[in-house]
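In this note's numbering, the protein residues as written are 3 to 563.
Okay, structure first, notes after.
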């Protein structure tokens, strides 16, 4: 669900530091105390040097100095960002919170001796087993990182997640860190392919990264190749438990099940569907209907029930509508993103669904290797193709990529002009998407009524008159009307739960490739309309919607013994 104001093009990370504005609010006070030149101070010993072998502090955790509490020299604002943050309490607080806990990934030495980060955009050409971390390198890296003062949050399949104060990170890596904001894209059709930043950022849009590169080499340990920063991905979108009435055409749960041809008697019971997203508020809609809806805490995201954006709470509706007796595991997005995917796998998820990604197929090797490993381990991984973006990881050949089909009030089907359909420029011959779920049209994809966290960013930003630019709900009523491939992907995840339910009952094992084939061969052809990229839905299959709209009844028939 690509929401206006939340669908960014990332700013250039090669920011000119001389134009940055430091967070140190004490700097101006110091400059006014005296016009004399400041006395020369001894060079500060870095955290890495303090813990170096042979030093008197070797083996002891490094401590941030008092000076770090004012963030002097360690953390700056990106150019122009201070104009938005100055005087905004929420943004100022968010920036300071980020400074206290910078999260990043460590890439240990690999079994092949090759650098996984060197294969960004080319990892699909290699066997991921070559890039597994050496066991001794992981242990050595963890010991060293703890001595330096970092908190080790997770040992993943291909990386180690750590956290530390901004000054510690800056000292150890020898880099300048800056607070940045996810830029936003306009919903105006003529200019939506260009990067713009017309609106002030929300607190959740801020993140910390180095000024020059997301991948940083370091000599602090012979067991570590790189430190890696991953920018946040783009999202594709007293309470009542009853949705508000709409004066325009929308879909409810019954309409979705009818259009996807979900038969009676199948419910996804016994299947675990994990959604990784912005959070999962315990909305009365879910609790009053006894859905097995479980916000799941992880080491890097311990507060899954908090959903400031409202995106995850909303799109869960689609999976539970199609598979109402499935167990829905809601994992909050993490820094870095692979942590939540691994946590979902560790919790026993059969299906993992993501409705987010990066435009222009920007890929991240550790995340890519993790997704490929999860599929190899037997997980079914579903990703949205994007809303006007060439979204990655939705373009990965290993994932089931989901686009969008619009069903008009008279039942006519056409490609959604809000959903992405394109040929990958990263993976030769890869057509994105594989199949499609239900999705609205431009300008805002307002189509499916869903519960959301009350007063969340989406609840607020979509509210007000009038359709089709706004959903005409209240700003804090806990309901919104939207869609996008963010909604289509969990619909397909729910449908896959139905297939796994029946297959297990019949003693049949379904692999990811077998499920992809069944979904494609059973889908309803759609040969009208065009994708968000303007590619017409011509022929079957086609680039705009793949093999068409998924059909649960037809798919279930194809896996019967």
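Don't be surprised by glycine CBs; every beta carbon is placed ideally from N, CA and C.
request  = Using three-state DSSP, classify residue 184 as helix, strand or coil.
outcome  = Residue numbering aside, residue 184 sits at position 182 when the chain shown is read from its first letter. Residue 184 falls in the coil class under three-state DSSP.
Residue 253 versus residue 536: straight-line alpha-carbon distance, rounded = The residue given as residue 253 occupies position 251 in the chain shown. The residue given as residue 536 occupies position 534 in the chain shown. Their Cα atoms are separated by approximately 25 Å.
message = Spatial neighbours of residue 295 within its chain, please: C-beta separation below 6 Å, excluding the five flanking residues on both sides.
response = The sequence position of residue 295 within the chain shown is 293, counting from 1. Same-chain partners within the cutoff: 288 and 330.
key: For residue 499, three-class secondary structure by DSSP   = Translated into the one-based positions of the chain shown, residue 499 becomes position 497. DSSP places residue 499 in helix when its eight states are reduced to three.
message = Would you say residue 404 lies against chain C (beta-carbon separation less than 9 Å)?
response = The structure shown contains no chain C; it holds only a single protein chain.
query = For residue 368, which three-state DSSP category applies?
reply = One-based indexing of the chain shown puts residue 368 at position 366. Three-state result, residue 368: helix.
Span of the beta strand (DSSP E), counted from its first residue to its last, around residue 296 = Counting from one through the chain shown, the residue named residue 296 turns up at place 294. Going by DSSP, residue 296 is part of the beta strand (DSSP E) stretching over 294-298.
Under 9 Å between C-beta atoms of residue 297 and residue 286 = On the chain shown, residue 297 is found 295 positions in, with the first residue counted as 1. On the chain shown, residue 286 is found 284 positions in, with the first residue counted as 1. Contact: no.
message = Taking the beta carbon of residue 42 as the centre, do at least 16 other beta carbons fall within 10 Å, making it buried, or is it exposed?
response = Within the chain shown, the letter at position 40 stands for residue 42. Bear in mind that the predicted position of residue 42 carries a pLDDT of just 42, short of 50, making it unreliable; the figure below should be weighed with that in mind. Looking at its Cβ environment, which holds fewer than 16 other Cβ atoms inside 10 Å, residue 42 is exposed.
inquiry  = Is residue 459 close to the ligand ADP? I mean its beta-carbon at under 8 Å from any heavy atom of the ligand.
reply    = Inclusion of the ligand ADP in the displayed structure is not the case, the ligand content being empty and no account of it being possible.
key: Sequence-distant residues of the same chain with beta carbon closer than 6 Å to residue 299, five excluded per side   = In the chain shown, residue 299 corresponds to position 297, counting from 1. Around residue 299: 306.
Continuous beta strand (DSSP E) assignments of at least 3 residues falling wholly in the stretch 501-553 = none
inquiry  = In whole angstroms, give me the CA-to-CA distance for residue 403 and residue 420.
reply    = One-based indexing of the chain shown puts residue 403 at position 401. One-based indexing of the chain shown puts residue 420 at position 418. When rounded, the distance between both Cα atoms is 16 Å.
task = May I have the straight-line CA-CA distance separating residue 551 from residue 467, to the nearest angstrom?
result = Here residue 551 corresponds to residue number 549 of the chain shown, with the count starting at 1. Here residue 467 corresponds to residue number 465 of the chain shown, with the count starting at 1. Each residue's alpha carbon lies about 31 Å from the other.
ask   = Around the Cβ of residue 99, are there at least 16 other Cβ atoms within 10 angstroms (buried) or fewer (exposed)?
value = Residue 99 sits at position 97 when you count from the first residue of the chain shown. Under this definition residue 99 is an exposed residue.
task = Could you tell me if residue 88 is buried or exposed, where buried requires 16 or more neighbouring beta carbons within 10 angstroms of its beta carbon?
result = Taking the first residue of the chain shown as 1, we reach residue 88 at position 86. Burial call: exposed.
request  = With a floor of 4 residues, list each alpha helix (DSSP H) that falls wholly inside the stretch 329-385, ordered by position along the chain.
outcome  = 340-348 and 367-378
request  = Apply the 10 Å Cβ neighbour rule to residue 362 and answer buried if 16 or more other Cβ atoms are within range, or exposed otherwise.
outcome  = Within the chain shown, the letter at position 360 stands for residue 362. Burial is judged here by how many other beta carbons sit within 10 angstroms of a residue's own beta carbon; residue 362 has fewer than 16 and is exposed.
inquiry  = From the DSSP secondary-structure annotation, give me the bridge partner or partners of residue 437.
reply    = Indexing the chain shown from 1 puts residue 437 at position 435. 404, per the DSSP bridge assignment.
request  = Indicate the three-state DSSP secondary structure (helix, strand or coil) for residue 148 in the structure shown.
outcome  = On the chain shown, position 146 is the one that residue 148 refers to. Here residue 148 sits in helix by DSSP.
task = Give the secondary structure of residue 484 by DSSP, where H, G and I count as helix, E and B as strand, and everything else as coil.
result = Locating residue 484 in the chain shown gives position 482, where the first residue counts as 1. Note: residue 484 maps to strand in three-state DSSP.
request  = Would you mind working out which of 340, 264 and 293 sits nearest residue 278, comparing C-alpha positions?
outcome  = Mapped onto the chain shown, residue 278 falls at position 276. Selection 340, 264 and 293 evaluated against residue 278 yields 340 as nearest (Cα-Cα).
inquiry  = Give me the residue from 291, 333 and 528 with the minimum Cα distance to residue 302.
reply    = Position 300 of the chain shown, counting from 1, holds the residue named residue 302. For residue 302, the nearest C-alpha among the options comes from 333.
query = Would a C-beta distance cut-off of 9 Å place residue 593 and residue 383 closer than the cut-off?
reply = This structure cannot settle anything about residue 593, because the visible part of the chain is limited to 3 through 563.
key: Identity of the residue in 473, 346 and 531 nearest residue 407 by Cα   = Against the chain shown, residue 407 aligns to sequence position 405. Selected option, being the one with the closest Cα: 531.
task = Evaluate residue 274 with the Cβ neighbour count: other Cβ atoms within 10 Å of its Cβ, from every protein chain shown; 16 or more gives buried, anything less gives exposed.
result = Within the chain shown, residue 274 is the residue found at index 272, counting from 1. With 16 or more Cβ atoms within 10 Å of its Cβ, residue 274 is classed as buried.
query = Would the stretch 509-517 and the stretch 460-477 be scored as touching if the rule is three or more Cβ pairs under 8 Å?
reply = no
query = What number of angstroms, rounded off, separates the C-alpha of residue 481 from the C-alpha of residue 394?
reply = For the purposes of this step, residue 481 is identified with residue 479 of the chain shown, where counting begins at 1. For the purposes of this step, residue 394 is identified with residue 392 of the chain shown, where counting begins at 1. One C-alpha to the other measures close to 29 Å.
request  = Work out the CA separation of residue 82 and residue 378 for me, nearest whole Å.
outcome  = As a working note, residue 378 is residue 376 in the chain shown. As a working note, residue 82 is residue 80 in the chain shown. Each residue's Cα considered, the two are about 44 Å apart.
Other residues of its chain near residue 142: CB distance less than 6 Å, five sequence neighbours each side excluded = Residue mapping note: residue 142 aligns to position 140 of the chain shown, counting from 1. For residue 142, where only same-chain residues beyond five positions count, the Cβ hits under 6 Å are 225.
query = What are the start and end residues of the alpha helix (DSSP H) that includes residue 79?
reply = Mapped onto the chain shown, residue 79 falls at position 77. DSSP places residue 79 in no alpha helix (DSSP H) but in the uninterrupted beta strand (DSSP E) bounded by 77-79.
query = Skipping 5 residues on each side, what residues in its chain have a beta carbon closer than 8 Å to that of residue 429?
reply = As a position in the chain shown, residue 429 is number 427, starting the count at 1. The answer, listed in chain order, is 126, 397, 398 and 399.
6 Å Cβ shell around residue 562 - same chain, five flanking residues per side excluded = For the purposes of this step, residue 562 is taken as the residue at position 560 of the chain shown. Around residue 562: no qualifying Cβ.
key: Proximity below 9 Å, CB of residue 104 to CB of residue 210   = Counting from one through the chain shown, the residue named residue 104 turns up at place 102. Counting from one through the chain shown, the residue named residue 210 turns up at place 208. Contact: yes.
request  = State yes or no: is the C-beta of residue 491 within less than 9 Å of the C-beta of residue 328?
outcome  = In the chain shown, residue 491 corresponds to position 489, counting from 1. In the chain shown, residue 328 corresponds to position 326, counting from 1. Contact: no.
inquiry  = How far does the alpha helix (DSSP H) with residue 91 in it extend, from its first residue to its last?
reply    = Residue numbering aside, residue 91 sits at position 89 when the chain shown is read from its first letter. Boundaries of the alpha helix (DSSP H) harbouring residue 91: 91-102, taken from the DSSP string.
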